[in-house]
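Chemist:
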Amino acid sequence: EHICQMHETTATVAVTAEERSQHQNDTLESPFPFQNDGHEVQEEEEDDLNEETPKTPGYNSKKPTWWKKLANIRATKPQRKAMREMDSYRFQRAPGIPYGKYVEDWDEIFGASTSVAVAGESSSLSLNQNEGNKTIHNNIDDSKSGRNVWIELGCGRGENVLALAHRHRHDPSFAIIGAEIHPLSLGNMFMRLKQARKQQAYWTGYTLYGDLTYEKVRNRIASHQEVDQSVATPGLCRDEWSTDDGHGSSESPQLDPYQNVRVFRGDCMKLITLHTPDQSVSRILVTFPDPFPPEQQREWRLFQLDTVQQFHRVLKASEGYLCLATDHQGYFVWAQDIMQQSGLGWERVDDDVNRMEWLPGVSAYEDKGWREGRTTHLACWKAISANTERV
């Protein structure tokens, strides 16, 4: 069974006009995060967001009924089975941990490791060639575990999480947590994790940015008018695997691929606010969050003054980076304004950080956006001062 031939089942969700019109008053407490990987949740009124200035009391943790229906599309039976069988990859705390208590040692989540980098060994984030004389070290200054922890919020089908885990397989300190709510997306990711464990191999069927770009996709469509824009770019997702463990071995019978990966199911801000300790994370990646374009929905956008403060709290001072990828111009403007208004110690470093270091692959959702004429907007900020206030 080829993983890359599994497409998400199109589910028709009935959402009445009455439900949509009363969504502000008819809200529910829900564990869903307020971003997605493109499961038809975006509204059509995209222009509502383009010129506004953020005026928001903060992140609203309540969900409208219509959004919950759209987001809670059940995974397929094989996907649910994979989730059960691959439970060891799930982000989970030890029994008896008080609610809201931060992780004290990342080994609690990823397991004790004998291969964590020792003091003096560094793993660096490469920069663009124009800034090649600079080095940003990934070493996490944590005497307990020494892990270099990254978190991706809204990881979708996990293409980027798995690509990063594979590309950092030579770095024993690297660990990444992918947070997502949509069952169908998570199902795809867990199916790949299941296949990886079965084959004792890394999935290498992702498409690298550069091999595929917006311009290449649009040129292909323009030169072949008969191409169906709703069909994914050929070769985007391939059933390719590698047993190379990064240490020169082409075969490794005891290879445990993705032992440095954990998946958080639920509201991504719960992962940050309830579990993540101060100054313990090297990178936070926000990839294609739901823009919630209408003005009346702005309270559900992930970038808010209080969420940005939480990001700043958990990132390592002078070493932590917040990276955003979105194909919605209005949301991109909104996020930049929020960062400017936050009053925290942030430095914009777009020109220094190479996309290939944090978003190397092209996901199915990004490819879909390109085929529909949207472009990807990227931004990176560096946390240049400490902030340990709990919001």
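The opening residue of the sequence shown carries number 3 in this note's numbering; numbering runs sequentially from there. Note that CB positions come from ideal geometry on N, CA and C, so glycine has one too.
Using three-state DSSP, classify Y459 as helix, strand or coil.
Modeler: With the chain represented from 3 up to 393, any question about residue 459 goes unanswered, as that position is not in the structure.
Chemist: Answer yes or no: do V163 and V263 have a C-beta to C-beta separation smaller than 8 Å?
Modeler: Along the sequence shown, one-based indexing puts residue 163 at 161. Along the sequence shown, one-based indexing puts residue 263 at 261. Yes, Cβ-Cβ distance for V163 and V263 is below 8 Å.
Chemist: Tell me which residues share the same chain as G387 and place their Cβ nearer than 7 Å to its Cβ, disregarding the 5 neighbours each side in the sequence.
Modeler: Against the sequence shown, residue 387 aligns to sequence position 385. A small fix is needed here, since residue 387 is Ser in this sequence, not Gly. Correct list, in chain order: A319, G347.
Chemist: Select from C325, V283, H330 the residue whose C-alpha is nearest the C-alpha of P296.
Modeler: Position 294 of the sequence shown, counted from the first residue, corresponds to residue 296. For P296, the nearest C-alpha among the options comes from H330.
Chemist: Would you grab the beta carbon distance between I286 and L317 for me? Rounded to a whole angstrom, and I think it's under 8 Å.
Modeler: To locate residue 286, count along the sequence shown from 1; it is residue 284. To locate residue 317, count along the sequence shown from 1; it is residue 315. At roughly 6 Å, the Cβ-Cβ gap stays under 8 Å, so I286 and L317 are in contact.
Chemist: Identify the residues that DSSP records as bridge partners of H379: which are they?
Modeler: Counting from 1 along the sequence shown, the entry for residue 379 is found at position 377. Per DSSP, T328.
Chemist: Going by C-alpha to C-alpha distance, which of F192, H277, E242, F294 sits closest to P66?
Modeler: In the sequence shown, counting from the first residue as 1, residue 66 sits at position 64. Comparing Cα positions, the closest option is F294.
Chemist: Rounded to the nearest angstrom, what separates G268 and L72 at their Cα positions?
Modeler: Within the sequence shown, residue 268 is the residue found at index 266, counting from 1. Within the sequence shown, residue 72 is the residue found at index 70, counting from 1. When rounded, the distance between both Cα atoms is 15 Å.
Chemist: Please look up how many angstroms separate the CB atoms of W243 and T206, rounded, as I've assumed it's under 8 Å.
Modeler: What you label residue 243 is simply residue 241 of the sequence shown in a count that begins at 1. What you label residue 206 is simply residue 204 of the sequence shown in a count that begins at 1. About 6 Å; that satisfies the 8 Å criterion.
Chemist: In or out: K196 buried (at least 16 other Cβ within 10 Å) or exposed?
Modeler: Reading the sequence shown from its first residue, position 194 is the one you call residue 196. Classification for K196: buried.
Chemist: Looking at the ligand NAD, does it come within less than 7 Å of P66, judged from the CB to the closest heavy atom?
Modeler: This structure lacks the ligand NAD, and indeed carries no ligand of any kind.
Chemist: In angstroms with no decimal places, state the Cα-to-Cα distance between Y211 and P362.
Modeler: For the purposes of this step, residue 211 is taken as the residue at position 209 of the sequence shown. For the purposes of this step, residue 362 is taken as the residue at position 360 of the sequence shown. Looking at the two C-alpha atoms, the distance is approximately 6 Å.
Chemist: To the nearest angstrom, how far is the alpha carbon of G156 from that of A224?
Modeler: The sequence position of residue 156 within the sequence shown is 154, counting from 1. The sequence position of residue 224 within the sequence shown is 222, counting from 1. Rounded to whole angstroms, G156 to A224 spans 31 Å at the Cα level.
Chemist: Are the Cβ atoms of Y208 and A165 separated by less than 8 Å?
Modeler: Within the sequence shown, numbered from 1, the residue matching residue 208 stands at position 206. Within the sequence shown, numbered from 1, the residue matching residue 165 stands at position 163. Cβ atoms of Y208 and A165: closer than 8 Å.
Chemist: Taking 8 Å as the limit between beta carbons, can you name the residues of its chain near Q312, skipping five residues before and five after?
Modeler: Counted from its first residue, the sequence shown places residue 312 at position 310. Cβ within range, chain order: M271, I274, T275, V393.
Chemist: Report all residues from its chain with a CB closer than 7 Å to the CB of R357; omit the five preceding and five following residues, and keep chain order.
Modeler: For this step, residue 357 is matched to residue 355 along the sequence shown. These residues qualify, in order along the chain: Y211, L380.
Chemist: Whose C-beta lies closer than 8 Å to the C-beta of D352 among residues of the same chain, with five residues either side of it excluded?
Modeler: Position 350 of the sequence shown, counted from the first residue, corresponds to residue 352. Once the five neighbours on either side are set aside, the close Cβ partners of D352 are L380, A381, C382.
Chemist: Using a 10 Å radius around the Cβ and a threshold of 16 neighbouring Cβ atoms, would you call T289 buried or exposed?
Modeler: Residue mapping note: residue 289 aligns to position 287 of the sequence shown, counting from 1. The residue in question, T289, is buried, as its Cβ has 16 or more Cβ neighbours within 10 Å.
Chemist: Return the residue from the list S365, K79, K384 that minimises the CA-CA distance to Y216.
Modeler: Along the sequence shown, read from residue 1 onward, the residue named residue 216 stands at position 214. Selected option, being the one with the closest Cα: S365.
Chemist: Tell whether a beta-carbon distance below 8 Å holds between P291 and R199.
Modeler: Taking the sequence shown and counting its residues from 1, one reaches residue 291 at position 289. Taking the sequence shown and counting its residues from 1, one reaches residue 199 at position 197. No, the pair does not count as a contact, with Cβ atoms beyond the cut-off.
Chemist: When DSSP labels each residue in this structure, what does K318 get in the three-state scheme?
Modeler: By one-based count along the sequence shown, residue 318 stands at place 316. Of the three classes helix, strand and coil, the one that applies to K318 here is coil, per DSSP.
Chemist: List the whole-angstrom C-beta distance separating R82 from G189, where the pair is believed to meet the contact cut-off of C-beta under 8 Å.
Modeler: The sequence position of residue 82 within the sequence shown is 80, counting from 1. The sequence position of residue 189 within the sequence shown is 187, counting from 1. That belief holds up - the Cβ atoms of R82 and G189 are roughly 7 Å apart, short of 8 Å.
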